[in-house]
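In full-length UniProt numbering, the protein residues as written are 1 to 288. No residue lacks a Cβ here, since even glycine has one placed at the ideal position from N, Cα and C. These numbers come from a predicted model, not from an experiment. Single-structure report; data block below.
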Amino acid sequence: MASRQPFTDTDTADEAVRATCDDATTCKRFATSKSYWKDPYIQYFARSVGERKAPEINRGYYARVQGVNRLLDAFIRKAECDCQVINLGAGLDTTFWRLKDENLMPRKFFEVDFPTVVSRKIHNIKTKPPLSKPLIETHSTDALLLDAHSLDSDRYCIIGADLRDISSLDEKLKKFQLNPELPTLLLSECVLVYMTPSQSSNIVHWAAETFHTAMFINYEQKERFLKTGWEHADALDMMTVYSMLPQDDVARIESLEFLDERELLQQLLQHYSICWATKDRLNLGNDK
1 MASRQPFTDT DTADEAVRAT CDDATTCKRF ATSKSYWKDP YIQYFARSVG
51 ERKAPEINRG YYARVQGVNR LLDAFIRKAE CDCQVINLGA GLDTTFWRLK
101 DENLMPRKFF EVDFPTVVSR KIHNIKTKPP LSKPLIETHS TDALLLDAHS
151 LDSDRYCIIG ADLRDISSLD EKLKKFQLNP ELPTLLLSEC VLVYMTPSQS
201 SNIVHWAAET FHTAMFINYE QKERFLKTGW EHADALDMMT VYSMLPQDDV
251 ARIESLEFLD ERELLQQLLQ HYSICWATKD RLNLGNDK
């Protein structure tokens, strides 16, 4: 949860952005090792727990993961799983496997990231049966569609693409049966902040133009959504999100590690916000 700079077209800047994937995965791996939340699959993407993280960092990731999951799960439940999810800049995220375990599978779950990140994730999926088995179980034929930078099954698809190239992104998603008519949740936790304002606005505008019923979750300013075709947008700082989580679970995680200065946590969480925007003729985005 460090400070961020928009990326440019240089290879060096892109590599720095790709490195944030490993940083986030390592932080989540450490937090789950301390029982902040359960994630039995993250161990297959980050074998080592790594160096100790400060308690305020662990609580920050807890708030972030729980806040996003509550919005995501509510959308899928209201759609009765007859929807699709697109995780933009997915990195080594494990949400697909969690949703399958919890019987909250959308009709299809898409992930998009840099081709090099996607290649690593595909390798992990192919070589780790706990990751590959759920894909096979939800696939109607014996073989998955697979190449160096994409993997496609009936319910899960991961694609290597540059999010700055909207036409190529749109073409690749539709190649793998993206359905603009389905209620669609787009998740982009942090990737847009690494792009220039015009690049990130292009993605937000593309999503508003492409899907009839949609919700977009990310850490952006809500005004950007209202200016690019979304009907409604709301935002909460992460301290507010933290205060809204089930208090028995908050008490549980606060007992895991001693926090010397609570002000550090407050400053950290107040620095971040979560935003969700809707284009919502089916009223799926209300009552969050």
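Asked                                                                                        : Found
DSSP bridge partner residues for S150 (one or two, in chain order)                           : D147, I159
Rounded straight-line distance, which links the Cα of L269 to that of D237                   : 7 Å
Straight-line Cα distance separating M215 from L71                                           : 10 Å
3 or more residues per run - each beta strand (DSSP E) lying fully within the stretch 56-121 : 84-88, 108-113
Option in I136, E181, C275, R77 with minimal Cα separation from E223                         : C275
According to DSSP, residues forming a beta bridge with K128                                  : According to DSSP, which records beta bridges pairwise, K128 is partnered with nothing at all.
Rounded straight-line distance, which links the Cα of D260 to that of residue 289            : Because the chain in this structure spans residues 1 to 288, residue 289 falls outside the shown range and cannot be described.
Inter-residue spacing [alpha-carbon to alpha-carbon] between Q221 and A235                   : 8 Å
Which residues DSSP lists as bridging A233, in chain order                                   : A277
Cβ contact (3+ pairs, closer than 8 Å) linking the stretch 131-147 and the stretch 70-88     : no
Residues that DSSP places opposite I217 in a beta bridge                                     : L187, W276
C-alpha gap between L182 and F211, whole angstroms                                           : 8 Å
Inter-residue Cα distance where the pair is G229 and E56                                     : 36 Å
Selected residue, minimal CA-CA separation from F109, among M195, H139, I253                 : H139
Exposure label - P106; buried when at least 16 CB within 10 Å                                : buried
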